[in-house]
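Numbering of the sequence shown is given in the UniProt record's numbering, commencing with residue 1 and proceeding in unit increments.
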Amino acid sequence: MEGDAGGSRGIAAGPKGSVLAERYARGELRAPPAAAAAAATGRGAPQPPPRFPTNEEVVKALQERVETTVDLCRNYRHAAWYMLFVALYMVVLYFQASSFHAAEVVSTLKRELLEDPAVNTLAFASGDQVLAYLGNHVLRPIWTDPVCGDGRCEPPWEFPAWGPFGCRADCGRQPNVSPVIVAVTGNFLGHASLSPRTLMAAVRWNLCLADPARRRRGGADLCWFETDQTFSQYQETQIQSVTLVPGTWYVRVLGDYAGRVSGSVHDAVNETNPTPMATQPVWDSCLTRRSSPAATDGSTTNDSAAASTARRLQEAIGRLRSAAGEERARGLLESALLEAVSNSGGGSGSSSGVAVAG
C-alpha cells in the first residue's frame, strides 16, 4: 500500500491529471500484454514510462464521440422523414394519375408528332428542318384559334350568341337580353369659331360594354358596331335599336370637343311604352346663345331636322315590327319621335361617355 501510495503521489489531479494513470497505479487496470512481457523478461531497450491521456483529453474525446452520435441520429431522422415524404408523394401521384390516361397521352403525342408511330427517333439535317417540323406538326395543328361551328364551345373566346356577337352554332343563344333604343343627337351649327363641317367630321360614337375580363386578357371592350358611327348632317338624330346583355354599357363619344352631341337611352322591354333610362353622368349638351350662321330661317332648319329624324325613326322601328308587332312599333315610334324632336330644336351638346345598366 505504501508503494502504491508513493507511486500515485506524483500524479497530478484536476483537468491535467489522469484517471487512467491512477487506476493503473492502484492496479485496477493492467498494462498492455506486450509491455508487460518486455518488463518481465527484461529484454529490449529500456521502455519509457507510459503516457496516459489527461482528464481534459478524455472529456474532449468523449464530447466528440457524443456529438458524432447525435449528428448521426439527426441524419438518420432526416433521412427517415425524407423517405416518408417521397412515399407520400408517390401515393398522391398514383391517385392523381391514371396509367391508362398516361398511355393515351403518349400515344396521342406519338401519333401527332411522329410520322411513323413505330419509330421513336427523328433525324434532322439542319436547324431549319427542326423549325419547319415543329411548325408543321406542333404549332399549326395544335395551337389553333377557336372555330365557330366545330361543335365545341370554347370560352372565353366563344360564348352564347346575342345580337351580332357570340357563336350560336356551338354555344346556343343568350337567353338574358334586354331590348334598348339609343338615340344620339348631333347639332354642329352655331359655333363661334369652328365650322359645322369641322365639328361634324371629328365626331364618332359607339356603344360598348365595360368588360374587365377582356381588358385583363389584353383585349378591347366589346362594342356593338364594328366601326364607330359618324354623322352625315349638321343636325341629325341617329336611332339604333339593340339587344344588350346585363352589364355596364357606355356610349363612347370621341372627337366632340365642342360638346355638340347629346342623347338618350330607352328601355324597350315594355312593348307599348318605352321608358327612359337614367345615365351616369347625365347625357346632356353644351348650351349656346349664338344662332347658326348657316341657317337663314331657323324654323325651316328645325322642321327639316325633325322630318329627317322622323324618317330615321321609322326606319329603325321598322326593323322591330317583325319581332315586336305593329302596336309596339307604333309606341316606340311616338316615344322616340317626341324625344328626338325636343332635342333637335337647337342648343344641344355632348358627353364623353355614358354608363348604361344592362
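Glycine is no exception: its CB is placed at the ideal position from the N, C-alpha and C atoms.
S107 is not bridged by DSSP to any residue. Remark: C-beta atoms of V261 and G186 approach each other more closely than 8 Å. With contacts defined by Cβ atoms closer than 8 Å, H266 and T275 form a contacting pair. The criterion of a C-beta distance shorter than 8 Å is not satisfied by L209 and W157. Under the three-state reduction of DSSP, E236 is assigned to strand. The count of Cβ pairs closer than 8 Å, one atom from the segment 197-215 and one from the segment 135-146, stays below three, leaving the stretches out of contact.
Inter-residue distance for R77 and V91 is about 21 Å (C-alpha atoms, whole angstroms).
In the DSSP assignment, L254 falls within the unbroken beta strand (DSSP E) covering 248-254.
The beta carbon of G149 lies closer than 8 Å to those of C167, A169, D170 in the same chain, with the five residues before and after it left out. If you check the CB distance, V251 and G263 come in under 8 Å.
Beyond the five residues adjoining it in sequence on each side, Q229 comes within less than 6 Å, by CB distance, of W205 in the same chain, given in chain order.
In the three-state DSSP reduction, C223 falls in the strand class (E or B). Put simply, the backbone Cα of G172 is about 24 Å away from that of L207. In the DSSP assignment, L209 is bridged to L222, W249. With fewer than 16 neighbouring CB atoms inside 10 Å of its own CB, N75 falls in the exposed class.
Taking a C-beta distance under 8 Å as the contact criterion, G163 and V269 do not qualify as a contact pair. Residues G166, C171, G172, R173, Q174 of the same chain have their beta carbon placed closer than 7 Å to that of P160, with the five preceding and five following residues left out of the count.
Look at Q280 here: in three-state DSSP terms it is strand. Per the C-alpha coordinates, the member of A183, G151, V58, A192 positioned closest to D284 is A183. Around V19, the same chain offers N55, V58 as residues with beta carbons nearer than 8 Å, after the five sequence neighbours per side are excluded. Straight across, the Cα-Cα distance linking G127 with G135 is about 12 Å.
For P196, the uninterrupted alpha helix (DSSP H) run begins and ends at 196-202, by DSSP.
Residue pairing by DSSP places S178 opposite L244 in a beta bridge. In this structure L113 touches V138 by the C-beta definition: roughly 7 Å separates them, less than 8 Å. Rounded to the nearest angstrom, the gap between the Cα atoms of L62 and Y24 is 20 Å.
In the DSSP assignment, D267 falls within the beta strand (DSSP E) that extends over 261-267. Relative to the Cα of L194, the nearest Cα in the group E226, P155, A79, Y234 belongs to Y234.
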